[in-house]
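Colleague: So that we are looking at the same thing, I have put the structure below in structure tokens.
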Amino acid sequence: YWLLRSWLKSVPLACLGVWAAVKIQMFHPGAFPFALTYPSTTAVRFFWDIVFFILIWLYLGKQEQKWLAAAAVCAGLAVFYMSSTGLCLAFAFYVFLAAQVILPQRRRAFIQSKADILRLAGYAVLVPLTAIALLAFAQGRQVLAPQFWHNIAEFNNYFLSGFGTIPIYESLVNKNFWAFWMGIMIPLVYVWTVIFLGALLWTGRAGGAQLLAVLLSVYGLGLYHYYIARSAPTSFYTVAVPFAAVACFWVHAALAQTAPRARAGVFGAMACGALVFLWVNPQFAAYPNVFNSLRHYDSKGLGVMPLPDGKPYFNHGVIHTARIPLPNSLGQMDEALLTEADFKSMDELKDFFRWEFDFTADARLIDSLTAPGDKVALISSFDVRILMQAKRRPFFYHYPVFLSRPMRMRAFAVPAIYTVDQLKRTIGQMEQEKPEYVFMERIYSKDNTVFADHTNALQWLLLYVHTHYGIVAQGQYLMALKRTRI
21 YWLLRSWLKS VPLACLGVWA AVKIQMFHPG AFPFALTYPS TTAVRFFWDI
71 VFFILIWLYL GKQEQKWLAA AAVCAGLAVF YMSSTGLCLA FAFYVFLAAQ
121 VILPQRRRAF IQSKADILRL AGYAVLVPLT AIALLAFAQG RQVLAPQFWH
171 NIAEFNNYFL SGFGTIPIYE SLVNKNFWAF WMGIMIPLVY VWTVIFLGAL
221 LWTGRAGGAQ LLAVLLSVYG LGLYHYYIAR SAPTSFYTVA VPFAAVACFW
271 VHAALAQTAP RARAGVFGAM ACGALVFLWV NPQFAAYPNV FNSLRHYDSK
321 GLGVMPLPDG KPYFNHGVIH TARIPLPNSL GQMDEALLTE ADFKSMDELK
371 DFFRWEFDFT ADARLIDSLT APGDKVALIS SFDVRILMQA KRRPFFYHYP
421 VFLSRPMRMR AFAVPAIYTV DQLKRTIGQM EQEKPEYVFM ERIYSKDNTV
471 FADHTNALQW LLLYVHTHYG IVAQGQYLMA LKRTRI
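Here this note's numbering is used: position 369 in the sequence shown is 389, and no number is missing along the way.
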């Protein structure tokens, strides 16, 4: 709000931009059935970008070098915090530095001696130095190892190689024409902003306010690689917050020549309209907040929307999963797959989760066979939670091993092993380090040959464990296997 208020000199327009950004990032169908389903659709994913642009705006207004140095540090911090989005922010910073050299008006003000050139180079170097220093603080000497840089870029390389991609015509196939044209319009607005305002800046007919709009567009284009790769109908929402700011800039520019009273009236009407649209938005209306008055969207006070056709939201991702004709890890046929209709209050829901995620017996099993500080080979859903409760470190590099599903289900969890190289590395790690014990859900017993018809990764991983290990103890959901073959 402060940035938009200072930049656009309008309280209603700043409110409009904030409300639009909140709606775009959090309250859209992709974050279904409640706003915090995916952390990537919240401010947690970006966070440092608003700090960065505030620092850039302070520098543009005051021309004090400390703000530019702080922006360089912030860009490096963003790279450390979240490399994919941080690199986009770092690129925007380098574009800003390039503008200080390329644009005649800014070059005359910024570069007046050789010392200024060295200072400019120092700002450019400060970004990677900050990122590397923070990585060294967190990881120690590992940052000097080539393996570290291979590992840190590994999943990004999967993404760049096509992992999880969705074709850009996906929305057209599903007849979601609004999503398709929005997905096309947003980058066009960015490109138009860069070209048009860039020309005005080159000819000296624009200033700092226009340069900030160009930087926001450059940053927005960088983030937009996410939508280009994963062109799901709602993917553009996740990375479109800069678009809200740029759109407000163009609204301000379009009405700049109107009378101040009329302009304020239009801005105020637009801001009120945006607030109304946000207020009646189903996702926002169901979200627990002080404006939540539309209780018919609320599902028993749990802050979620009901799914279409009255289907339950709770466990909706697994209820229709195919089951195996055998008991679960407790030796039971009852899976205890509840829905929201089974809870009368939020307190009952909390009590259920406390009961469902209490792995005291299995943590005790791990504790009895391993020492504090040991790395534990655990093949199970909720492996992170179990090891936290057992106060042990994970053994596997590719971790977690599974995409979690309810422990009582009579179904196999889907492995989070996406490539042949990941499978080779996982099994190779066990073969090389030969952990004395492996802990695994009882549903993966050697007698249960159903897993042989499951995914290749699961099949080969379990085949290796049962070939080299034998069962020696059991907990609640887990069994402990000890290595029998060298």
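Quick reminder that beta carbons are idealized off the backbone N, C-alpha and C, glycines included.
So residue 343 packs on residue 425, CB below 8 Å; how close in whole Å?
Modeller: No, residue 343 and residue 425 are not in contact; Cβ-Cβ is about 11 Å, not under 8 Å.
Colleague: When you compare each of 133, 333, 102, 415 to residue 51 by their alpha carbons, which one comes out closest?
Modeller: Here the closest residue by C-alpha is 333.
Colleague: If we count Cβ pairs, one from each stretch, closer than 8 Å, do we get three or more for the region 374-385 versus the region 478-490?
Modeller: In short, these stretches do not touch, since the Cβ pair count stays below three.
Colleague: Helix, strand or coil, according to DSSP, for residue 316 in the structure here?
Modeller: Residue placement at residue 316 is poorly supported in this model, since its pLDDT is 43, which falls under 50; the coordinates still yield a value, given next. Reduced to three states, the DSSP call for residue 316 is helix.
Colleague: In the DSSP output, which residue or residues are listed as bridge partners for residue 257?
Modeller: In the DSSP output, where bridge partners are listed per residue, residue 257 has none listed.
Colleague: Enumerate, from N- to C-terminal direction, the unbroken alpha helix (DSSP H) stretches of 4 or more residues contained entirely within the region 75-102.
Modeller: Entirely contained in the region 75-102, the alpha helix (DSSP H) runs reaching 4 residues are, in chain order, 85-101.
Colleague: For residue 25, name the three-state secondary structure that DSSP assigns.
Modeller: DSSP places residue 25 in helix when its eight states are reduced to three.
Colleague: What is the rounded straight-line gap between the Cα of residue 276 and the Cα of residue 373?
Modeller: So the two alpha carbons sit approximately 54 Å from each other.
Colleague: Report buried or exposed for residue 164, applying the criterion of at least 16 other Cβ atoms within 10 angstroms of its Cβ.
Modeller: Residue 164 is exposed by the Cβ-count criterion.
Colleague: Who are the Cβ neighbours of residue 238 in its own chain at under 6 Å, not counting the five residues just before and after it?
Modeller: Cβ within range, chain order: 112, 115.
Colleague: Across the region 39-46 and the region 246-262, are there enough close Cβ pairs to call them in contact, namely three or more that are closer than 8 Å?
Modeller: These segments touch.
Colleague: Exposed or buried, what is residue 391 when buried is set at 16 or more other beta-carbons lying within 10 Å of its beta-carbon?
Modeller: So residue 391 counts as exposed.
Colleague: For residue 170, count the other beta carbons within 10 Å of its own beta carbon; 16 or more makes it buried, fewer makes it exposed. Which is it?
Modeller: By the 10 Å Cβ count, residue 170 comes out exposed.
Colleague: Can the beta-carbon of residue 509 be found less than 7 Å from the beta-carbon of residue 247?
Modeller: Within the shown structure, residues of the chain are numbered from 21 to 506, placing residue 509 beyond reach of any answer.
Colleague: If you draw a straight line from the C-alpha of residue 40 to the C-alpha of residue 21, how long is it?
Modeller: Using only the alpha carbons, I get a separation of about 11 Å.
Colleague: Taking only three categories from DSSP, how would you classify residue 524?
Modeller: Within the shown structure, residues of the chain are numbered from 21 to 506, placing residue 524 beyond reach of any answer.
Colleague: In chain order, what residues of the same chain have a beta carbon less than 6 Å from the beta carbon of residue 224, not counting five sequence neighbours either side?
Modeller: So the qualifying residues of the chain are 125.
Colleague: Could you pull the DSSP bridge partners for residue 461 from this structure?
Modeller: According to DSSP, which records beta bridges pairwise, residue 461 is partnered with 498.
Colleague: Figure out for me which residue from 362, 198, 371, 212 has the closest Cα to the Cα of residue 267.
Modeller: Answer by Cα proximity: 212.
Colleague: I need the straight-line Cα distance from residue 384 to residue 394, nearest angstrom please.
Modeller: Spanning the two alpha carbons is a distance of roughly 14 Å.
Colleague: Using a 10 Å radius around the Cβ and a threshold of 16 neighbouring Cβ atoms, would you call residue 489 buried or exposed?
Modeller: With 16 or more other Cβ atoms within 10 Å, it is buried.
Colleague: What is the DSSP secondary structure of residue 226, counted as helix, strand or coil?
Modeller: Reduced to three states, the DSSP call for residue 226 is coil.
Colleague: What residue range does the beta strand (DSSP E) around residue 395 cover?
Modeller: Looking at the DSSP string, the run of the beta strand (DSSP E) that includes residue 395 is 395-399.
Colleague: Alpha helix (DSSP H) containing residue 295: first to last residue?
Modeller: 280-299 is the extent of the alpha helix (DSSP H) around residue 295.
Colleague: Name the two residues that bound the continuous alpha helix (DSSP H) containing residue 366.
Modeller: Residues 366-376.
Colleague: Could you give the uninterrupted runs of the alpha helix (DSSP H) lying entirely in the region 143-197, keeping only those of 4 residues or more?
Modeller: Listed in chain order, the complete alpha helix (DSSP H) runs (minimum 4 residues) inside the region 143-197 are 166-172, 174-180, 190-193.
Colleague: Would a C-beta distance cut-off of 7 Å place residue 28 and residue 290 closer than the cut-off?
Modeller: No, the pair does not count as a contact, with Cβ atoms beyond the cut-off.
Colleague: Does the region 279-296 touch the region 71-91, meaning 3 or more C-beta pairs lie closer than 8 Å?
Modeller: Short answer: they don't touch.
Colleague: Could you give the first and the last residue of the continuous alpha helix (DSSP H) run that contains residue 418?
Modeller: Careful: residue 418 lies outside any alpha helix (DSSP H) and carries neither H nor E.
Colleague: Among residues of its own chain, excluding the 5 on either side of residue 449, which ones have a beta-carbon nearer than 8 Å to its beta-carbon?
Modeller: Correct list, in chain order: 415, 416, 417.
Colleague: Please classify residue 492: does DSSP put it in a helix, a strand, or coil?
Modeller: Note: residue 492 maps to strand in three-state DSSP.
Colleague: Starting from residue 538 and walking both ways along the alpha helix (DSSP H), at which residues does that stretch end?
Modeller: Residue 538 cannot be examined here, being either before or after the span of the chain that is shown, 21 to 506.
Colleague: Suppose the cutoff is 6 Å on Cβ atoms and the five residues either side in sequence are ignored; what does the same chain contact list for residue 34 look like?
Modeller: Taken in chain order, the residues that qualify are 21, 24, 25.
Colleague: Alpha carbons only, please: which of 335, 341, 347, 400 is nearest the one belonging to residue 362?
Modeller: Among 335, 341, 347, 400, the Cα nearest to that of residue 362 belongs to 335.
Colleague: Compute the beta-carbon to beta-carbon distance between residue 119 and residue 236, rounded to the nearest angstrom, for a pair I have assumed lies under 8 Å.
Modeller: Contact doesn't hold; Cβ gap of about 13 Å is too wide.
Colleague: Between which two residues does the alpha helix (DSSP H) harbouring residue 355 extend?
Modeller: Where residue 355 is concerned, there is no enclosing alpha helix (DSSP H), given that its DSSP letter is neither H nor E.
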